[in-house]
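The next block holds one structure in the form of structure tokens; read it before the comments.
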Amino acid sequence: MTSQPGRLGIAHQHHLQGSAIDRNRPLQFRLDGRIVSGFAGDTVLSAALASGIDAAGRRDGAALALSARHAPAITFAALAGDHQRALPMERTLATDGADYLTTAQKLGGNILARLLRRGGRSLDIDLDRPDALARPWLGMPAAPGPEADLVVIGGGVAGLSAALAGARRGLRVVLAEAAPLLGGKARLFGTQEGEETPDAAIARLVAAIAKSDAITVLTAAEAFALRPGAVRLHHVEMPGGTPTGRVIDIHAPHIVLATGALERLPLFPGNRLPGVIGALDAFELAQLYGLWPGWSALVATSSSPAYRLAMLVTDAGITVPRILDSRPHPQSRFIEFSKAYGITLAAGTIVASAAPAIRGNGIVAMPKLSMDGFSRAEPPLTVDRLVVCGGWQPDLTLWHMAGGESAWNAGGTRLEGRGGPAGTVLAGSAAGWVSRSACLASGSDAVDVLLGRQRRLVEDRLIDPIYETPDAPAWVGDEPDEASQPVFLDGGWRHIQRPRRVASRWPAWLPFAPRPPGWSLADTPQPLDIADIAAGVQLGAIPAASAGIVAQERVAMVAIESDQDDESRRLASPLPLPPSYLAARYAGAALWLVVPDDARMLDVGALIHANADTTDPLKAIGVVVRIVNGKAVALVAGSAGQTASVHEPGRAVGIRLVEPYRA
């Protein structure tokens with residue numbers, strides 16, 4: 000299977016053979032001119048990963064991994080000029096004979112360099128460009144979706160339970176799941192005593208949904224905007240076997256957000272190199288698509304389910320020489336099982352940094368013993384793959400878009416949902432539930448809350464901490480310097496980095512030696528993802544008491560306006576007011592529609608200056624705050640026809656103020 004070096008073999012039975020693919024139906028397609036091999040059931044992304052493409056491109060000179068949360072949009076080569084027809088790699092099923100192009104700008108260089116890179120492990124995207132991973136469908140007009148009384152976002156066990164509960168109560172239900180298949184992420188976490196297995200629970204729920212005429216299921220449907228009573232989704236369909244994307248609005252008085260939890264990215268130099276992957280992503284790619292490049296893997300974790308993954312891949316023939324656990328004295332049934340596999344445990348040990356191997360595609364991990372106030376560097380380890388797990392953050396993105404609140408839980412080191420708008424309720428891991436039984440019960444309970452019915456008790460029956468050590472916070476490795484790989488706060492496309500240390504010729508003890516500048520994510524006008532905020536709290540860049548407020552302001556950058564009439568349901572700001580955190584930042588500023596000099600989409604959070612020669616952030620006269628129907632809305636002081644300059648990484652873009660913005 001040399002054309003698919005990232006695919007696990009099936010010489011013997013194991014649990015990671017790829018439940019979503021049919022190995023008896025091979026296929027091939029083109030991606031940016033190169034041949035990609037896969038099987039029926041693969042997505043374009045999974046087939047690309049199986050074919051050895053594991054890097055998206057470069058940012059600040061560093062290669063960054065290709066993943067479901069960090070992948071470019073694609074389009075058919077025949078429609079290369081029509082980005083409104085773009086599709087997501089991770090949600091688009093691969094089709095035999097297709098010819099795709101990525102929509103992102105490629106890295107430069109001379110012709111020889113480009114030819115040498117072509118056919119390698121990278122998509123060669125210029126990730127320094129702010130629009131590198133733009134999703135063009137965010138600015139598309141929406142068509143009406145199915146009629147519904149209840150919309151459930153998320154097809155994991157909580158979402159499946161909520162959909163069935165709604166149908167039993169006589170509601171018309173739309174169940175939307177971003178992945179191509181229902182089931183969610185429960186399979187990684189094993190089974191507690193008295194629970195049915197994840198596979199049995201998912202199979203039972205999916206079969207019941209298939210029998211219900213009251214439930215409309217939309218898979219490969221990602222919800223990207225929400226307000227009470229309305230959801231906007233991008234849905235990839237397969238009419239006639241050809242993938243096609245459409246944006247739809249679904250209006251319903253009741254919404255359940257069963258959006259699950261995001262896996263936190265530990266904070267160490269090199270945490271997003273190709274070959275570094277989260278435990279949950281690694282498990283899903285292996286379980287659904289049989290993907291696992293290389294033959295050795297180091298697992299580094301602060302959470303026990305990663306041990307289960309280590310055992311599963313060992314069964315599949317992968318060597319796991321060691322598991323590093325940041326917790327000083329971890330206890331778990333998974334740990335005891337992994338010891339029986341002969342896997343060595345290094346407790347109280349973290350990955351301090353990582354770098355690409357000098358030869359081949361491997362990773363050199365630098366472990367560090369760090370416990371009880373003691374720290375010591377350990378010998379480096381070179382492996383084909385580094386699997387990391389920094390614990391879990393409830394995905395509250397849509398919750399904040401709807402107007403929901405959150406607060407920092409210091410004990411759980413995460414943001415948790417608090418009060419929200421009428422008609423919208425959290426369920427499952429998004430609501431903070433941990434056990435599968437509680438997630439199942441919370442789906443039904445969420446529907447009861449929406450309908451004002453008597454609630455049933457939902458309770459997490461957790462294993463005693465003596466036997467199952469709670470998760471530790473995502474660990475923080477070495478501070479990056481000019482020579483190290485960058486440290487990213489999250490694995491998505493925001494690319495927010497922990498600042499690097501800048502070398503000084505003066506000793507730090509001298510009174511006139513330069514001091515490192517303060518770093519605050521709370522005061523900078525840029526959008527943030529939920530995991531960015533959690534990492535910012537850990538690093539002291541966001542005050543814990545302000546984390547919920549920052550999340551409300553920075554995550555909810557897109558919303559659906561209240562209906563102005565029955566026929567116009569378009570994307571816009573809910574009110575023609577500047578965000579509260581920017582209200583006093585720019586004197587005399589108001590919201591304006593602005594148009595760039597060249598045909599492109601501006602980036603939310605980009606600063607506006609009076610001219611291209613000014614770059615000082617403190618002298619900015621405004622900022623781009625929203626994208627509405629593909630047009631940029633900026634908070635800026637000016638008049639119609641006035642010109643200015645938007646500063647984005649690496650370039651300045653001329654803009655013109657068109658007219659005051661009115662929702």
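In this text, residue positions in the sequence shown follow numbering that gives the first Met the number 0: the first is 0, and each later residue adds one.
Quick reminder that beta carbons are idealized off the backbone N, C-alpha and C, glycines included.
From a predicted model like this one, the values you see are computed outputs, not experimental measurements.
The ligand FMN and residue i: does any heavy atom of the ligand fall closer than 6 Å to the residue's C-beta?
i           : result
residue 358 : Looking at this structure, you won't find the ligand FMN or any other ligand, since it has none at all.
Could you pull the DSSP bridge partners for residue i from this structure?
i           : result
residue 256 : 152 and 425
residue 618 : DSSP lists no partner for residue 618.
residue 295 : 318
residue 245 : 234
residue 61  : 58
residue 184 : None, per the DSSP bridge assignment.
residue 99  : 30 and 75
Under the three-state reduction of DSSP, which class applies to residue i: helix, strand or coil?
i           : result
residue 83  : helix
residue 453 : coil
residue 493 : coil
residue 573 : Because residue 573 sits at a pLDDT of 38, beneath the cut-off of 50, its placement in the model cannot be relied upon, and the following sentence gives the value as read from the coordinates. The answer is coil: DSSP assigns residue 573 none of H, G, I, E or B.
residue 365 : strand
residue 535 : helix
residue 27  : strand
residue 210 : coil
residue 370 : strand
residue 392 : strand
residue 105 : strand
residue 642 : strand
residue 519 : coil
residue 163 : helix
residue 399 : helix
residue 474 : coil
residue 201 : helix
residue 33  : strand
residue 607 : strand
residue 289 : coil
On the criterion of 16 or more Cβ atoms from any shown chain inside 10 Å, does residue i qualify as buried, or is it exposed?
i           : result
residue 441 : buried
residue 102 : buried
residue 120 : buried
residue 262 : buried
residue 335 : exposed
residue 237 : exposed
residue 128 : buried
residue 228 : buried
residue 614 : exposed
residue 78  : exposed
residue 456 : exposed
residue 373 : exposed
residue 458 : exposed
residue 300 : buried
Alpha carbon to alpha carbon, what distance is there between residue j and residue i?
i           : j           : result
residue 9   : residue 17  : 10 Å
residue 4   : residue 50  : 6 Å
residue 59  : residue 303 : 34 Å
residue 434 : residue 210 : 27 Å
residue 197 : residue 436 : 10 Å
residue 593 : residue 656 : 5 Å
residue 351 : residue 521 : 26 Å
residue 670 : residue 292 : Only positions 0 to 662 of the chain appear in the structure, and residue 670 is not among them; the question remains open.
residue 355 : residue 487 : 16 Å
residue 408 : residue 283 : 28 Å
residue 273 : residue 353 : 11 Å
residue 416 : residue 430 : 6 Å
residue 73  : residue 192 : 45 Å
residue 491 : residue 260 : 14 Å
residue 94  : residue 14  : 26 Å
residue 444 : residue 85  : 38 Å
residue 182 : residue 71  : 25 Å
residue 176 : residue 287 : 16 Å
Residues in the same chain with beta-carbon distance under 6 Å from residue i, minus the five sequence neighbours each way, listed in chain order, please.
i           : result
residue 123 : 56, 105, 106 and 116
residue 446 : 161, 164 and 165
residue 651 : 611 and 644
residue 189 : 307
residue 424 : 255, 445, 448 and 449
Enumerate in chain order the residues of its own chain whose CB-to-CB distance from residue i is below 8 Å, with the five nearest sequence positions on each side excluded.
i           : result
residue 461 : 433, 434 and 467
residue 126 : 55, 56, 57, 58, 63, 132 and 494
Below 7 Å CB to CB, which residues in the same chain sit around residue i once its five sequence neighbours on both sides are set aside?
i           : result
residue 2   : 36 and 50
residue 540 : 518, 519 and 520
residue 310 : 336, 337 and 340
residue 100 : 31, 73, 74, 76 and 79
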